[in-house]
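If you're matching positions, the sequence shown starts at 1 in the numbering used here and goes up one per residue. I have placed the structure first, in the form of structure tokens, so that the comments after it can refer back to it.
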Amino acid sequence: MVSEQWQFGVSYFGVRNPHHFRADLEVIARLGFDYLVFTFSEHDHRFYQGSVAQCVRLTQQRGLKAYVDPWGVCGIFGGEAFSERGAWDLEGQQRRSDGRPLPLLCPTSAEVRAYLRQWLTAVAEVLQADGVFWDEPHFYLPGGESRRRGLWACCCPRCQQGFAARFGQPLPAQETPEVRQWKEEAIAALLRELTAQAAAAGLRNTVCVLPIYEDPQAFAARLERLAADPHLHVLATDPYPLYHRQPVAATRRFCDALRHVCRRFHKEAQVWVQGFLVPAGEEAQLAEEIRLIAASGIRNIAVWSYLATAYMTSHACADPDTAWAVITQALQEVRQAGAPRL
Ligand SMILES: [Zn+2]
Numbered sequence: 001m002v003s004e005q006w007q008f009g010v011s012y013f014g015v016r017n018p019h020h021f022r023a024d025l026e027v028i029a030r031l032g033f034d035y036l037v038f039t040f041s042e043h044d045h046r047f048y049q050g051s052v053a054q055c056v057r058l059t060q061q062r063g064l065k066a067y068v069d070p071w072g073v074c075g076i077f078g079g080e081a082f083s084e085r086g087a088w089d090l091e092g093q094q095r096r097s098d099g100r101p102l103p104l105l106c107p108t109s110a111e112v113r114a115y116l117r118q119w120l121t122a123v124a125e126v127l128q129a130d131g132v133f134w135d136e137p138h139f140y141l142p143g144g145e146s147r148r149r150g151l152w153a154c155c156c157p158r159c160q161q162g163f164a165a166r167f168g169q170p171l172p173a174q175e176t177p178e179v180r181q182w183k184e185e186a187i188a189a190l191l192r193e194l195t196a197q198a199a200a201a202g203l204r205n206t207v208c209v210l211p212i213y214e215d216p217q218a219f220a221a222r223l224e225r226l227a228a229d230p231h232l233h234v235l236a237t238d239p240y241p242l243y244h245r246q247p248v249a250a251t252r253r254f255c256d257a258l259r260h261v262c263r264r265f266h267k268e269a270q271v272w273v274q275g276f277l278v279p280a281g282e283e284a285q286l287a288e289e290i291r292l293i294a295a296s297g298i299r300n301i302a303v304w305s306y307l308a309t310a311y312m313t314s315h316a317c318a319d320p321d322t323a324w325a326v327i328t329q330a331l332q333e334v335r336q337a338g339a340p341r342l
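If you want it as structure tokens, here you go:
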């Protein structure tokens, strides 16, 4: 089940016209990619099922695999797409520590399960994809002022009851280690239900774990909790050191932790390379990171996103042509020359 073959992937979004996609697919296939990860947001689920299904079919006919990403779905997966369900399903919303309801569904809610069941049915029956890429499942990620004020979620009635039942004490006002554990367990429980449903529909499951730079032990625990899922095939992470303003060498630690857990639980390891928001002049670091990932024993490497995200204004690289050339050349070199020794 664990492949030792090189597997290179790229994410794809924006274009929903199969006619235009066909030209991009040809470029992607000729560059040597083995699979695509299609974003499939709530918006896509509602308005573009047939078009994305055609793109998936074209991909498979070209001999590549097609995985589907719940991009920003319910506000609990990675991605810039907005969540309509998070805004409308009031009963299922997360509640922040200052009492404010958030336009994101709580991973413990019945509402999140009801919607994701429908989403998954469309992926299996309409899109007929090869698998699901469960992208960075998470609770509310505070930014800016909310982060400075130490605000966190979720304090909804379900989380209050669940925490009290699990730890024998009321949900505290601060985000303590017990609260963080409760949240990690809630995410893992939801993922287990989803991967079981996906596997029953014949879909392959990949889960991508957000890196934790400040706490290697918490990252390892997160990996282990998700790797223990019997319906999971591929465990992934996306260190994106340039984005986190960390040295590229830091990726090694994430690769080693991922490989260790994957070996123990017999899962395939996948690592993502940052093809977005790369500052001008730093493109060579992408090749360095790809060589480092390959040298650490990872055979499944993916890039976010096609053409170094040139067409997404907010996330484009400063020089997307150079970034894309560096990434695709580095991938071709490791496939031809084998993993370098570093
Ligand atoms: Zn909650």
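By construction, the Cβ of each residue, glycine as well, lies at the ideal position given by its N, Cα and C atoms. Since this is a predicted model, take the numbers as computed values, not measurements.
Worksheet item: Under the three-state reduction of DSSP, which class applies to P18: helix, strand or coil?
Response: helix
Worksheet entry | Assigned exposure category for T328 - 16 Cβ within 10 Å defines buried | buried
Worksheet item: Along the chain, where does the alpha helix (DSSP H) that runs through I76 open and close?
Response: From DSSP, I76 is part of no alpha helix (DSSP H); its letter is neither H nor E.
Worksheet entry | Enclosing beta strand (DSSP E) for Q169 [first to last residue] | It is not in any beta strand (DSSP E) - Q169 carries neither H nor E in the DSSP assignment.
Worksheet entry | Below 6 Å from a heavy atom of ligand 1 - residues by beta-carbon | Q94, C106, T108, C154, C156, R158, C159
Worksheet item: Going straight from the alpha carbon of L235 to that of G150, what length do you get?
Response: 30 Å
Worksheet item: Whose C-beta lies closer than 6 Å to the C-beta of A280 among residues of the same chain, with five residues either side of it excluded?
Response: A318, D319
Worksheet item: How is the beta strand (DSSP E) around Q128 delimited, first residue to last?
Response: Element bounds for Q128: n/a, residue is neither H nor E.
Worksheet item: With C-beta atoms as the reference, is Y140 less than 8 Å away from R96?
Response: yes
Worksheet item: Given L64, which residues of its chain have a CB within under 8 Å of its CB, disregarding the five upstream and five downstream residues?
Response: The beta carbon of L64 is closer than 8 Å to those of L25, I28, A29, F33, D34, Y35, L36 in its chain, skipping five residues each way along the sequence.
Worksheet item: Which residue or residues does DSSP assign as beta-bridge partners of W272?
Response: A302
Worksheet item: Since R245 is in the beta strand (DSSP E), which residue starts that stretch and which ends it?
Response: Unbroken run through R245: none, as it is neither H nor E.
Practice prompt. Classify W119 as helix, strand or coil using the three-state DSSP reduction.
Written response: helix
Item to complete: Just the C-alpha distance for P241 and Q217, rounded to the nearest angstrom, thanks.
Response: 18 Å
Worksheet item: In terms of DSSP beta bridges, what is A66 paired with?
Response: Checking the DSSP bridge columns, you'll see A66 partnered with L36.
Worksheet item: Which of helix, strand or coil does DSSP assign to D256?
Response: Correct three-state label for D256: helix.
Worksheet item: Given that a residue counts as buried once 16 or more other Cβ atoms are within 10 Å of its Cβ, and exposed if not, what is N17?
Response: exposed
Item to complete: Out of Y213, A220, L226, point me to the one whose CA is closest to L191's CA.
Response: L226
Discussion item. I76 and P107 - do their beta-carbons sit closer together than 8 Å?
Written reply: Contact flag set, yes.
Discussion item. Can you tell me whether P101 is helix, strand or coil according to DSSP?
Written reply: strand
Worksheet item: Below 8 Å between beta carbons: does that hold for L292 and R252?
Response: yes
Fill in: Sequence-distant residues of its chain with Cβ nearer than 8 Å to A164 (five each side left out)
P170, L171
Fill in: G9, DSSP secondary structure in three states
Residue state, collapsed to three classes: strand.
Worksheet entry | For Q61 and I301, the rounded distance between their alpha carbons | Rounded to whole angstroms, the separation of the alpha carbons of Q61 and I301 is 22 Å.
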